[in-house]
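Each residue of the sequence shown is one higher than the last, beginning at 0 in numbering that gives the first Met the number 0.
From the three backbone atoms N, C-alpha and C, an ideal C-beta is built for every residue, glycine too.
Since this is a predicted model, take the numbers as computed values, not measurements.
Presented below is the structure to which this report refers.
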Amino acid sequence: MAMSVGGAGGEERPMSDINTTPLVDVMLVLLIIFLIAVPVAIQTVEKLKVPVLPSEETQDKVENLLLAVVTTDDAGRSPREPGYQGSSRNGECRVYFNNVTPVDNTELYKQAFDRLDAIVKREGGAANMDPEKIPEVHIRGDVNVPWKCIAGAIYNVQAAGYPKVGFISTPVDPNG
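Okay, structure coming up:
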């Protein structure tokens, strides 16, 4: 940084301008080096032969349980019925196992327990279970579903033995 001594009124202030000439000189030298080095490097590299390997399905895939929690609409219609208007805060709770099969609380507990039990048995028992392979429960709930419906689903899957419960949400469009 250059410093100006003297000047009008005898005030000494540092000069805030940056001398860009050395920067431009360095950039031009680097440009020339790259212009020379790149063609040399390209000619010395042999053609690459990428191996083609068959893909294999991994055996350590976690089978997460997906639940959709909704309610009936104001007219009492379920989501799969024609004329369904969307979840209502006053509607009855509906839980869909793996987002497809409608279940009540007893069926939810039984199916979740049976599914987790089959996974644990396949892995050789709870003692041999890798913590990374323990499935989670992912719940997708409508914005109008009362908390009691979601809490009931959480209670049943945790009672069935699932240690982790998460929520799936639809991201809000920041431009919308």
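With a threshold of 6 Å, establish whether the CB of residue i neighbours any heavy atom of the ligand COA.
i, result
"residue 107", "This structure lacks the ligand COA; in fact it carries no ligand of any kind."
Which residue comes first and which comes last in the beta strand (DSSP E) that contains residue i?
i, result
"residue 111", "Not the beta strand (DSSP E): residue 111 falls in the alpha helix (DSSP H), residues 104 to 121."
"residue 99", "First-last for residue 99: undefined, no H or E at that position."
"residue 64", "64 to 70"
"residue 51", "Taken as a continuous stretch (DSSP letters only), residue 51 belongs to no beta strand (DSSP E), as it is neither H nor E."
"residue 167", "164 to 167"
Got a sec? Which residues, its chain only, sit under 7 Å from residue i by beta carbon, not counting five neighbours each side?
i, result
"residue 180", "No answer is possible for residue 180: the residues shown for the chain start at 0 and end at 175."
"residue 162", "133"
"residue 151", "92, 104"
Whose CA, out of the options, lies closest to the CA of residue i?
i, options, result
"residue 135", "98, 165, 27, 69", "165"
"residue 69", "19, 140, 119", "140"
"residue 80", "63, 24, 144, 101", "101"
"residue 95", "118, 46, 153, 19", "153"
"residue 99", "64, 18, 35, 169", "64"
"residue 129", "138, 137, 118", "118"
"residue 19", "168, 12, 27", "27"
"residue 159", "113, 124, 167", "113"
"residue 67", "157, 146, 138", "138"
"residue 97", "157, 62, 16", "62"
"residue 142", "120, 167, 121, 122", "167"
Should residue i go down as buried or exposed, given a rule of 16 or more other Cβ atoms within 10 Å for buried?
i, result
"residue 115", "buried"
"residue 149", "buried"
"residue 31", "exposed"
"residue 41", "exposed"
"residue 144", "buried"
"residue 125", "exposed"
"residue 74", "exposed"
"residue 111", "buried"
For residue i, collect the residues of the same chain with a Cβ closer than 6 Å to its Cβ; drop the 5 residues on either side in sequence, then sort them by chain order.
i, result
"residue 155", "104, 107, 108"
What residue does the alpha helix (DSSP H) around residue i start on, and which one ends it?
i, result
"residue 138", "That residue, residue 138, is in no alpha helix (DSSP H); its beta strand (DSSP E) goes 136 to 140."
"residue 151", "146 to 158"
Output needed for residue i: all residues of its chain with C-beta closer than 8 Å, excluding positions within five of it in sequence on either side, in chain order.
i, result
"residue 127", "none"
"residue 122", "128, 129, 132"
"residue 46", "none"
Taking the DSSP output, what are the residues bridged to residue i?
i, result
"residue 93", "69"
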